[in-house]
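Enquirer:
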Ligand code: TEU
Ligand code: CA
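Numbering (the numbering used here), first residue to last: 716 to 1257.
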């Protein structure tokens, strides 16, 4: 799956913002890469408080991205090339500018009052002490009726009340509207947050924090499986098209993922979970602690073993919420070697690999130097809360924003080495990475030794080799702090993957034999692995 963040992919009309015709103009690049499915981040009408994850009309296109006619043309062109399109469905919350919320907030007895979570405060305090995932309280006082409404994200993203069957059926209706339009499925935004503990209890306040962590009361809630199965019955059952459902599920365990993706249960096809994306930080994403390879291997293996016989994994390092993996887990001194090693390690696991726009080029984090350069609401909210409310050192907070802020993933796609990287003829909404002269598609497409060509080979290998798709995973050398080694076995065929996750040459304490399938150096030499070297062997099982 290839994720497109429409704002930053390709601008066709020079306003500095990516758009649907821009995407259509670049489809052949995706075909050449070998993409099967495109995941399109939201393009619905939205005030853009959270860059489209705050929807005000589910049945129309945000004018800055184009029109419904542009969408239909894009979908036609995607299908004409044998690819599929999965829409990003954001139904845990809407925008506060959605007509449903405008009606709901208008009075205590409005018929849509119960479509959202409205509660009275207590002694001037919000109904619960929960914090928003985007800082501040998870409750906003509404002057019109003097009640508070729940928003796990920004105050412009009020949570829908899924306890209300009218809400659920309104969502199923809009999902059917898009499937009838020809889309091939949905990536469902934070879908495991839709079932809340209806009593909305007070939460524990972690040491040093202002707000409580309401997660135990809204993550993987009591009716989640019921709601997802009801969604299946009302939307997907009975349709003969081959449809795909991916649930973004922060805080989901392997056990829960097995239930969510067990095909006998008809809930989801796969989950997109976050555990491996939290390996390098403490309780909060801003509390950076660096990566320990042993922890990463252990976590990915846990998910490989956990979903080996039931369920299915999403495999990703990058998306629009995560910094660029070559900057986060790789090594700038070995940019090509670490970018290609990271790609191969991921793609050779069992599950569906996701390529986030620009990852196939080895795009890196942006060299931020000042808080004024950030635009992401999550980063800005955190900065103000940490510095102004909690008195934390602005320089330390800025370092965290620079390393893990979401703007790193949202700088414009680097198409060529020309002005604005070929992304726009205007001024981009977010600055282009200054390294676009060196890192860009034009410089890499057609170059057999580019990161792009390496990703193309990884995707082709998965298309050709059943061992990559179906082979059983086994982690080797689990305690080795620098070598990442594993096998994939299917019948008599085995692939052995051995990778040096570091810039020191390393002696691999095991036999490496068989036919070389992939190596990110010109050719394998001897028993030591060079800096960030990966080798993949095909073996016959004895
Ligand atoms: O993200 C889910 C989510 O929990 C994010 O807050 C993510 O964990 C965090 O940004 C990582 O640091 C989804 C969307 O992918 C994200 O873009 C939206 O902002 C969010 O939901 C609200 O819709
Ligand atoms: Ca545009």
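Where is the CB? At the ideal position from N, CA and C, for every residue including glycine.
Would you mind reading off the limits of the alpha helix (DSSP H) that contains residue 945?
Expert: Per DSSP, residue 945 belongs to the alpha helix (DSSP H) from 939–946.
Enquirer: Could you give the first and the last residue of the continuous beta strand (DSSP E) run that contains residue 1249?
Expert: From DSSP, the beta strand (DSSP E) with residue 1249 extends over 1249–1255.
Enquirer: With H, G and I counted as helix, E and B as strand and the rest as coil, what does DSSP make of residue 1204?
Expert: Here residue 1204 sits in strand by DSSP.
Enquirer: Report, in whole angstroms, the separation of the C-beta atoms of residue 890 and residue 804, which I expect to be a contact under 8 Å.
Expert: Contact flag correct, Cβ pair sits at about 7 Å.
Enquirer: Taking DSSP's pairing of strands, which residues face residue 1215 in a bridge?
Expert: 1198, per the DSSP bridge assignment.
Enquirer: Do residue 908 and residue 807 have their C-beta atoms closer together than 8 Å?
Expert: The answer is yes: Cβ separation under 8 Å.
Enquirer: What does a CB cutoff of less than 7 Å around residue 1115 pick up in its chain, not counting 5 residues either side in sequence?
Expert: The residues are 1001 and 1003.
Enquirer: Would you give the residue range spanned by the beta strand (DSSP E) that residue 1052 belongs to?
Expert: Where residue 1052 is concerned, there is no enclosing beta strand (DSSP E), although the alpha helix (DSSP H) it sits in stretches over 1050–1062.
Enquirer: Helix, strand or coil for residue 1100? Go by DSSP, reduced to three states.
Expert: Helix at residue 1100.
Enquirer: Exposed or buried, which one is residue 1144 when buried takes at least 16 other CB atoms within 10 Å?
Expert: When all chains shown are included, residue 1144 counts as buried.
Enquirer: Taking 7 Å as the cut-off, is the CB of residue 1021 close to at least one heavy atom of ligand 2?
Expert: Outside the cutoff, so no.
Enquirer: Tell me the DSSP bridge mates of residue 864?
Expert: Partner(s): 833 and 855.
Enquirer: According to DSSP, what are the bridge partners of residue 719?
Expert: Answer by DSSP bridge pairing, in chain order: 755.
Enquirer: According to DSSP, is residue 960 part of a helix, a strand, or is it coil?
Expert: It is a strand residue.
Enquirer: Does the distance from the CB of residue 770 to the CB of residue 778 come in under 8 Å?
Expert: No.
Enquirer: Tell me whether residue 963 counts as near ligand 1, meaning its Cβ is closer than 7 Å to at least one heavy atom of that ligand.
Expert: Because some heavy atom of ligand 1 lies under 7 Å away, the Cβ of residue 963 counts as near it: yes.
Enquirer: Residues near ligand 2, CB to any non-hydrogen atom under 5 Å, in chain order?
Expert: For ligand 2, the selected residues are 726, 728, 730, 732 and 734.
Enquirer: What number of angstroms, rounded off, separates the C-alpha of residue 1009 from the C-alpha of residue 1196?
Expert: When rounded, the distance between both Cα atoms is 6 Å.
Enquirer: Can we say the stretch 1053–1072 touches the stretch 1196–1216, given the rule of at least three CB pairs closer than 8 Å?
Expert: Verdict: yes, contact present.
Enquirer: Three-state secondary structure (DSSP) at residue 1258?
Expert: One cannot answer for residue 1258 here, as it falls past the ends of the chain, which runs 716 to 1257.
Enquirer: Where do the N-terminal and C-terminal ends of the alpha helix (DSSP H) with residue 1167 fall, by residue?
Expert: Counting along the chain, the alpha helix (DSSP H) containing residue 1167 begins and ends at 1166–1179.
Enquirer: Closer than 7 Å by C-beta to residue 736: which residues in its own chain qualify, once you throw out the five before and the five after it? Chain order, please.
Expert: These residues qualify, in order along the chain: 727, 781 and 785.
Enquirer: Using CA atoms only, rank isn't needed, just tell me which of 718, 761 and 766 is closest to residue 1122.
Expert: If we check each option's Cα against that of residue 1122, 766 comes out closest.
Enquirer: What I want to know is whether the C-beta of residue 1125 ends up closer than 7 Å to one or more non-hydrogen atoms of ligand 1.
Expert: No, since every heavy atom of ligand 1 falls outside the 7 Å radius drawn around the Cβ of residue 1125.
Enquirer: CA-CA distance, residue 1173 and residue 833?
Expert: Approximately 49 Å, taken between the alpha carbons.
Enquirer: If we count the other Cβ atoms within 10 Å of its Cβ and call it buried at 16 or more, is residue 1073 buried or exposed?
Expert: By the 10 Å Cβ count, residue 1073 comes out buried.
Enquirer: Could you check the C-alpha separation between residue 788 and residue 897 for me, to the nearest Å?
Expert: So the alpha carbons of these two residues sit roughly 11 Å apart.
Enquirer: Please determine whether the Cβ atom of residue 911 lies at a distance below 7 Å from any heavy atom of ligand 1.
Expert: False, no ligand heavy atom lies under 7 Å from that Cβ.
Enquirer: Can you grab the Cα-Cα spacing for the pair residue 1245 / residue 1161, in whole Å?
Expert: Roughly 26 Å between the two C-alpha positions.
Enquirer: Do you know offhand how far residue 1346's Cα is from residue 1221's?
Expert: Residue numbering for the chain in the displayed model covers 716 to 1257; residue 1346 lies beyond these limits and cannot be assessed.
Enquirer: Kindly indicate which three-state DSSP category residue 1013 falls into: helix, strand or coil?
Expert: Helix.
Enquirer: If you drop the 5 nearest sequence neighbours on each side, which residues of the same chain put their C-beta closer than 7 Å to that of residue 1026?
Expert: Contacts found: 972, 973, 976 and 977.
Enquirer: Assign residue 1110 to buried or exposed, taking buried as 16 or more other Cβ atoms, counted over all protein chains shown, within 10 Å of its Cβ.
Expert: Looking at its Cβ environment, which holds fewer than 16 other Cβ atoms inside 10 Å, residue 1110 is exposed.
Enquirer: Would you mind reading off the limits of the beta strand (DSSP E) that contains residue 1231?
Expert: Note, residue 1231: beta strand (DSSP E), 1230–1234.
Enquirer: Less than 8 Å between the CB atoms is what I'm expecting for residue 1216 and residue 1203, so what's the real figure, rounded?
Expert: About 18 Å; that fails the 8 Å criterion.
Enquirer: Would the beta-carbon of residue 863 fall within 8 Å of that of residue 877?
Expert: In this structure, residue 877 does not lie closer than 8 Å to residue 863 by Cβ.
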